[in-house]
Amino acid sequence: MKKIVELKEATVQVNNGFNESKTILDHVNLDIYEGDFLTILGGNGAGKSTLFNVIAGTLMLTSGKIFVAGVDVTHVPAEKRAKYLARVFQDPKMGTAPRMTVAENLLIAKYRGEKRGFVSRRIHLHKDEFQTLINKIGNGIENHLDTPTGLLSGGQRQALSLLMSTIKRPELLLLDEHTAALDPKTSVALMELTNQFVSDDHLTALMITHHMEDALKYGNRLLVMKDGRVIQDLAAKEKAEMTIADYYSIFE
Numbered sequence: 000m001k002k003i004v005e006l007k008e009a010t011v012q013v014n015n016g017f018n019e020s021k022t023i024l025d026h027v028n029l030d031i032y033e034g035d036f037l038t039i040l041g042g043n044g045a046g047k048s049t050l051f052n053v054i055a056g057t058l059m060l061t062s063g064k065i066f067v068a069g070v071d072v073t074h075v076p077a078e079k080r081a082k083y084l085a086r087v088f089q090d091p092k093m094g095t096a097p098r099m100t101v102a103e104n105l106l107i108a109k110y111r112g113e114k115r116g117f118v119s120r121r122i123h124l125h126k127d128e129f130q131t132l133i134n135k136i137g138n139g140i141e142n143h144l145d146t147p148t149g150l151l152s153g154g155q156r157q158a159l160s161l162l163m164s165t166i167k168r169p170e171l172l173l174l175d176e177h178t179a180a181l182d183p184k185t186s187v188a189l190m191e192l193t194n195q196f197v198s199d200d201h202l203t204a205l206m207i208t209h210h211m212e213d214a215l216k217y218g219n220r221l222l223v224m225k226d227g228r229v230i231q232d233l234a235a236k237e238k239a240e241m242t243i244a245d246y247y248s249i250f251e
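In numbering that gives the first Met the number 0, the protein residues as written are 0 to 251.
So, in structure tokens, the structure goes:
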């Protein structure tokens, strides 16, 4: 089975300002395979966001190695990793350009990771394609193809961010607590849409969540992190046998 991500003794140490170093990612070894949908749980400071930042290239390792799609990207900056991965952030404002229309945002996402020269955008050639895409979301955004993204609701912007991250199929999709800023009803709808996208396009995805119910319901693997380490890596069968109480007991 194809490995999408390999972390080998991945370690990140930072200076705390008092001439002391703190380890925020502690010799993590992790293999993520094509088609995996991993949910990641852990308390504050467990290393979840650090893991994402290391994979995305926004934070470099102090020691260790990281491979994406078989390529050693340990010293490759984030902008050059964009051809491999996409990320949806917790804040709905992070993933879209507010003054640009829905169609313009989608056009940017369509060419993620590619070199582009100064040529006419010819957006009219893509309108039908983009309309078909947003029709799949079903939260009212289908009426706003030419609306500036800043005028959309938080749920609509986050759904657009998800669509932008998958319009050009990534090797890896990073979902960084992408439902946390939404109300419960909108959060449930976005999670169902996320699962649909991951399933239909056979994506490889990592999702940080604080919702125990989502960790139970979605994905085929569960990682539990604590103190910068992966303390549990549960396969689908083990995960299916767990209850909410079992999850809470892990952190005790």
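Quick reminder that beta carbons are idealized off the backbone N, C-alpha and C, glycines included. Please read all numbers here as calculations on a predicted model, not as lab measurements.
Cβ distance (whole Å) where residue i is taken to contact residue j below 8 Å
| i | j | result |
| --- | --- | --- |
| V4 | F66 | 7 Å |
| K254 | L144 | Limits of the chain in this structure are 0 at one end and 251 at the other, which puts residue 254 out of reach. |
| K64 | T73 | 5 Å |
| L29 | G227 | Actually they do not touch by this definition, with Cβ atoms about 12 Å apart. |
| V101 | L159 | 6 Å |
| L40 | T208 | 7 Å |
| L162 | I122 | Their Cβ separation, rounded to whole angstroms, is 16 Å, which puts L162 and I122 out of contact at 8 Å. |
| T203 | L172 | 7 Å |
Per-residue DSSP class, three states only, for residue i
| i | result |
| --- | --- |
| K47 | helix |
| R168 | coil |
| N15 | coil |
| K216 | helix |
| V56 | Per the sequence shown, the amino acid found at residue 56 is Gly instead of Val. Here G56 sits in coil by DSSP. |
| N138 | coil |
| M211 | helix |
| E33 | coil |
| D245 | helix |
| K1 | coil |
| G41 | strand |
| T253 | Past the edges of the chain, shown from 0 to 251, lies residue 253, and the structure says nothing about it. |
| T148 | helix |
| E240 | coil |
Of the residues the options, the one placed nearest residue i, counting alpha carbons only
| i | options | result |
| --- | --- | --- |
| V75 | N219, L60 and S152 | L60 |
| A258 | K92, E141 and H123 | Examination of residue 258 is not possible in this model, given that the chain is present from 0 through 251 alone. |
| K82 | I54, I39 and R111 | R111 |
| M27 | G16, D35 and Q12 | The question names Met, but residue 27 is Val in the sequence shown. Closest by alpha carbon: Q12. |
| D200 | R220, S164 and V53 | S164 |
| A214 | T185, T49, E128 and T242 | T242 |
| G154 | F36, H123, I122 and T95 | T95 |
| R220 | K2, Y32, N15 and K1 | Y32 |
| M206 | N134, D71 and F36 | F36 |
| L105 | F129, T185 and H210 | F129 |
| S62 | E78, V53, Y247 and A234 | V53 |
| M99 | E237, G149 and S198 | G149 |
| E170 | A55, Y217, K236 and A68 | A68 |
Could you tell me which uninterrupted beta strand (DSSP E) segments, each at least 3 residues in length, are contained entirely in the segment 61-133, listed from first to last along the chain?
-> Counting only runs of at least 3 residues, the segment 61-133 fully encloses the following beta strand (DSSP E) elements, listed from N- to C-terminal order: 62-67 and 84-87.
Margin query: Tell me whether the segment 3-17 and the segment 186-199 touch, counting them as touching only if at least three CB pairs, one residue from each stretch, are closer than 8 Å.
Written below: Contact fails: fewer than three Cβ-Cβ distances are below 8 Å.
Could you give the uninterrupted runs of the alpha helix (DSSP H) lying entirely in the segment 157-209, keeping only those of 4 residues or more?
Those alpha helix (DSSP H) runs which fall completely within the segment 157-209 and span 4+ residues are 183-199.
**OP:** Inspect the CB distances between the segment 13-21 and the segment 38-48 and report whether three or more fall short of 8 Å.
**Re:** Output reads no: the segment 38-48 does not touch the segment 13-21.
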